[in-house]
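Written out below as structure tokens is the structure these notes cover.
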Amino acid sequence: MKNIAEFIAEIENNNCSYNIWVYAQRGYYKQLNSTVVTKNYAYLKKIIESHMQIIIELNNDKPEHYLLLSEINVVTHIAFNDQKVTAIAA
């Protein structure tokens with residue numbers, strides 16, 4: 000686990016593109032801007048400020064998923080499938 004500022008700095012330094020998923024209901028998430036993969040980190044910071052939990056899908060060779068919990072300033076690696084978190088890294 001790491002804090003959100005460290006996570007954003009890391010993906011920004013690595014020039015990672017990402018998709019954002021926000022909590023919808025009953026444990027499911029919906030994708031924002033589903034047609035746009037972005038590298039706009041100011042947009043990411045704005046979304047984090049307006050949602051208590053989001054999922055970031057990094058678009059690398061193998062997609063990685065992270066759960067960001069803004070209320071407690073934590074980022075953790077997760078398994079994410081069919082719009083639902085299936086496992087959280089310890």
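The letter at position 80 of the sequence shown is residue 79 when you use numbering that gives the first Met the number 0, and the numbering goes up by one with no holes.
Just so you know, even glycine gets a beta-carbon here, dropped at the ideal spot from N, CA and C.
Proximity of residue i and residue j at Cβ, strictly below 7 Å
i: Val-84; j: Ile-3; result: no
i: Cys-15; j: Leu-57; result: yes
i: Ile-19; j: Leu-31; result: yes
i: Ala-86; j: His-76; result: no
i: Tyr-42; j: Glu-11; result: no
i: Tyr-17; j: Gln-52; result: no
Residue i - containing beta strand (DSSP E), residue span
i: Asn-18; result: 17-24
i: Ala-4; result: Unbroken run through Ala-4 is the alpha helix (DSSP H), 3-12; no beta strand (DSSP E).
i: Glu-48; result: Glu-48 -> not in any beta strand (DSSP E); alpha helix (DSSP H) instead, spanning 40-49.
Per-residue burial, residue i [other beta carbons within 10 Å of its own, 16 or more giving buried]
i: Ile-55; result: buried
i: Tyr-28; result: buried
Nearest residue (CA-CA) to residue i, options the options
i: Lys-61; options: Ala-78, Ser-49, Gln-52; result: Ala-78
i: Ser-49; options: Leu-68, Lys-38, Glu-63; result: Leu-68
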